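Okay, so here's the structure we're looking at.
There are 2 protein chains.
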Amino acid sequence: MNNEMKWIQSITPQKYHQPSLKVGIGDDAAIYHTEEGMETVVAVDTMVEGIHFTKKTMSMKAIGHKALAVNISDLAAMGAIPRYYLVSIAIPKEGWGKKELADIYSGMSEIGDLHRMDLIGGDTVSIKSTLVITVTAIGIVEKGRRLVRANAKPGDVVFVTGPLGLSAFGLEHLLNEGLCTMEDEKLWPYIKAHQFPVPQVKAGRLLAESNFRISLNDISDGLASETMEIAEASGVSIELQWNAIPTGTTLKEKSRDEQEKWILYGGEDFQLIGTVGKENWDELWKKFQENQLPLYAIGQINDSKGIVKVELINNAGNRDTLTKTGYDHL
Amino acid sequence: MNNEMKWIQSITPQKYHQPSLKVGIGDDAAIYHTEEGMETVVAVDTMVEGIHFTKKTMSMKAIGHKALAVNISDLAAMGAIPRYYLVSIAIPKEGWGKKELADIYSGMSEIGDLHRMDLIGGDTVSIKSTLVITVTAIGIVEKGRRLVRANAKPGDVVFVTGPLGLSAFGLEHLLNEGLCTMEDEKLWPYIKAHQFPVPQVKAGRLLAESNFRISLNDISDGLASETMEIAEASGVSIELQWNAIPTGTTLKEKSRDEQEKWILYGGEDFQLIGTVGKENWDELWKKFQENQLPLYAIGQINDSKGIVKVELINNAGNRDTLTKTGYDHL
């Protein structure tokens with residue numbers, strides 16, 4: 001048996017969670033069954049060393065966790081139940097040994113197991129330098145259920161599922177001080193938000209099960225950018241209340257400019273942002289309460305007669321039009 | 001609109017082939033429906049610049065074609081009908097502009113369209129150097145149909161769907177002489193086999209529809225390695241007849257050692273290798289004939305009482321035990 005086969009065997013799950021899986025790792029492709037009444041949801045995301053992470057900012061386990069978590073977050077933003085994932089990894093010939101790889105996969109399988117997801121395939125290839133990890137995540141959602149970005153309508157309440165800006169604030173400390181920033185206990189929640197983001201699967205499912213008309217997006221690129229995506233897809237204007245946006249207390253002690261940088265443009269919080277009709281807001285909020293999940297109203301959709309924009313209303317009542325920044329890859 | 005959005009718009013299909021697609025490119029994830037009675041087949045493969053291709057050996061269009069073709073080949077090896085694909089691409093900041101990317105995607109969409117596949121998602125990220133392209137391919141196959149490697153039994157006929165060694169022979173010329181090797185018309189089929197491999201989807205479907213007990217594998221890593229995978233998965237011993245293995249006439253003029261290097265260990269031909277019960281061979285062969293597709297018997301499965309091996313019987317009747325080489329990535 002060669003090294004590659006041994007490696008594949010070492011990452012092949014001993015036991016699969018999903019009875020719908022018919023053929024797992026080890027053949028040309030995986031085969032699974034989708035239950036009657038359900039549709040398939042699929043997303044792909046890539047993380048590149050030096051662009052999305054460095055060894056200075058992320059442990060091996062965190063790299064694995066995050067590579068899968070960002071994909072689960074995409075499924076959550078569609079209200080889906082996670083099921084399977086495939087991992088393609090390009091490994092530099094130097095600096096990344098078996099121990100590092102095993103730790104990356106253990107980070108993935110920990111969060112995968114938490115969601116009863118099965119690793120069903122992938123590819124392991126060489127690269128000169130720069131680790132590249134691509135995860136394909138597959139989930140299911142009830143037939144006809146569409147929590148897409150285009151569903152927002154004037155009068156809707158805009159909500160988010162948790163605090164924002166934490167990941168970007170944590171990353172800034174990691175970049176400046178490296179992993180020893182962990183010595184300051186107050187920074188733990190921020191470091192954790194960056195390294196081990198928690199995809200909002202349960203919130204996504206509550207939203208899907210509510211049967212309300214809901215638009216939804218996950219916050220990977222920053223609040224401004226993700227809100228603008230909903231505005232553009234729905235052809236509406238959105239206003240956000242600065243003082244209603246949840247964040248962390250240590251972050252809130254910093255200057256207003258810095259807060260905006262992290263909260264509006266930081267990204268990678270992987271909370272969900274969405275909209276729901278005003279008439280359904282109370283019931284939705286109560287549903288979240290019953291499930292011990294927070295839900296924050298942070299703005300509303302205005303009747304803009306086709307003008308697409310996102311405005312931020314600050315504490316004094318002034319309006320600023322937000323630009324969509326986010327990372328521009330081309 | 002930023003560059004990334006413009007780019008996503010430029011690769012978003014104007015029209016989708018598959019009515020089962022519910023949400024395509026442009027949201028957090030894609031959603032599709034799987035017809036009753038069908039199961040989903042999914043595979044992922046990555047191609048890395050400098051490892052799987054260079055600008056010296058492959059045009060942009062060929063890179064795109066091949067990145068999708070190798071994944072379609074995995075679906076074909078499961079007898080599946082291709083449906084969808086997702087593309088994740090890491091683009092170096094220098095040396096790969098919009099023109100190059102557009103050509104890569106056009107190479108993909110040409111073969112994708114041929115199989116009525118829809119591009120339904122992906123990710124576009126930056127990388128310091130080295131283009132990396134990961135494709136996820138999704139297909140469907142009839143419920144309960146399993147053309148897996150473990151199905152071979154003593155007495156079975158071993159078959160392949162087309163000539164072998166062509167891609168490796170073509171690559172050797174490309175590496176030695178670069179793209180000007182195209183001046184020699186006799187080399188065209190070999191260059192084409194390397195740059196624009198044809199996944200054997202129709203052959204895979206004929207095999208699936210036959211309802212015979214069939215083991216199947218696609219030849220990505222070389223005949224010796226892929227035959228050994230069937231032997232290992234099925235726990236059998238396989239013998240191959242050297243003079244029965246189909247190849248090209250120009251290649252056949254070279255020394256026996258060189259022929260073996262290309263045919264047994266070269267790989268990337270993306271033909272299918274499989275086994276079928278002796279009693280079904282004639283009917284299967286006739287079925288292929290009726291569909292204007294070749295099918296070559298190249299060996300048989302022996303009753304080896306659990307000993308797993310692959311032997312090559314040469315023209316004089318001598319037996320050599322083949323080692324599985326193939327590329328060892330770790």
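Note that the protein sequences, when read in sequence, are chains H and V.
The first sequence begins at 1 in full-length UniProt numbering and counts up one residue at a time.
The second sequence begins at 1 in full-length UniProt numbering and counts up one residue at a time.
All C-beta atoms in this analysis are idealised placements derived from N, C-alpha and C, irrespective of residue type, glycine included.
From a predicted model like this one, the values you see are computed outputs, not experimental measurements.
Within-8 Å CB hit, residue i to chain H
i: V/N217; result: yes
i: V/K286; result: no
i: V/T130; result: yes
i: V/D118; result: no
i: V/V160; result: no
i: V/A152; result: no
i: V/T321; result: no
i: V/R213; result: no
i: V/V148; result: yes
i: V/T136; result: yes
8 Å Cβ cutoff, residue i in contact with chain V
i: H/T227; result: no
i: H/L330; result: Because the pLDDT at H/L330 is just 41, under 50, the model does not fix this residue reliably, and the point stays unresolved.
i: H/M108; result: no
i: H/G122; result: yes
i: H/A77; result: yes
i: H/I127; result: yes
i: H/V141; result: yes
Residue j beta carbon less than 8 Å from that of residue i
i: V/A168; j: V/S234; result: no
i: V/T161; j: V/Q200; result: yes
i: V/V135; j: V/D27; result: no
i: H/S220; j: H/V70; result: yes
i: H/V87; j: H/M108; result: yes
i: V/I238; j: V/V158; result: yes
i: V/V141; j: V/E253; result: no
i: V/G121; j: V/T247; result: no
i: H/I104; j: H/I63; result: yes
i: H/S215; j: H/G274; result: yes
i: H/H33; j: H/M117; result: no
i: H/H65; j: H/I111; result: yes
i: H/K61; j: H/S20; result: no
i: V/S304; j: V/V198; result: no
i: H/G222; j: H/G266; result: yes
i: H/W262; j: H/L272; result: no
i: H/W242; j: H/I313; result: yes
Between the CA atoms of residue j and residue i - distance to the nearest angstrom
i: V/I307; j: V/H115; result: 40 Å
i: V/V310; j: V/K99; result: 47 Å
i: V/M58; j: V/D123; result: 23 Å
i: H/I91; j: H/H52; result: 16 Å
i: H/V148; j: V/W281; result: 51 Å
i: V/R146; j: V/I230; result: 14 Å
i: H/M78; j: V/A29; result: 7 Å
i: V/G204; j: V/F288; result: 11 Å
i: V/Q259; j: H/R83; result: 45 Å
i: H/M1; j: H/E185; result: Since pLDDT at H/M1 reaches only 48, below the 50 mark, its modelled position is unreliable, and the value read off the structure follows with that caveat. Between H/M1 and H/E185, the C-alpha separation is close to 47 Å.
i: H/L264; j: H/S225; result: 8 Å
i: V/A67; j: H/G317; result: 53 Å
i: V/E94; j: V/S129; result: 7 Å
i: H/L293; j: V/D218; result: 48 Å
i: V/W188; j: H/M228; result: 51 Å
i: V/A193; j: V/D113; result: 20 Å
i: H/A76; j: H/K202; result: 8 Å
i: V/A137; j: V/V125; result: 20 Å
Strand pairing of residue i, partner residues [DSSP]
i: V/Q300; result: V/V157 and V/E239
i: V/M47; result: V/I133
i: V/S126; result: V/I91
i: H/S215; result: H/T275
i: H/D27; result: H/I25
i: V/V201; result: The partner list for V/V201 (beta bridge, DSSP) is empty, contrary to what the question assumes.
i: V/D320; result: V/L312
i: V/F53; result: V/E49
Heavy atom of the ligand PLP within 7 Å of residue i beta-carbon
i: V/D282; result: No copy of the ligand PLP occurs in the structure displayed, which carries no ligand at all.
Within chain A, partners of residue i - CB distance below 9 Å
i: V/V236; result: Chain labels in this structure do not include chain A; the protein chains are H and V.
Q: Check distances from the C-beta atoms of the region 63-75 of chain H to those of chain V and list, in chain order, the residues that come in under 7 Å.
A: D74 and L75
Residues, ordered as in the chain, of the region 3-34 of chain V that lie near chain H by beta-carbon distance below 7 Å: N3, E4, W7, K22, V23, D27, D28, A29, A30, I31, Y32, H33 and T34
message = Beta carbons nearer than 9 Å to chain V: which residues of the region 34-63 of chain H have them?
response = T34, E36, M38, E39, T40, V41, V42, A43, V44, D45, T46, M47, V48, E49, G50, I51 and H52
At a CB distance below 7 Å, what residues from the region 83-100 of chain V approach chain H? Give them in sequence order. L86, S88 and A90
For the region 180-199 of chain H, enumerate the residues whose C-beta is nearer than 7 Å to any C-beta of chain V, in chain order. none
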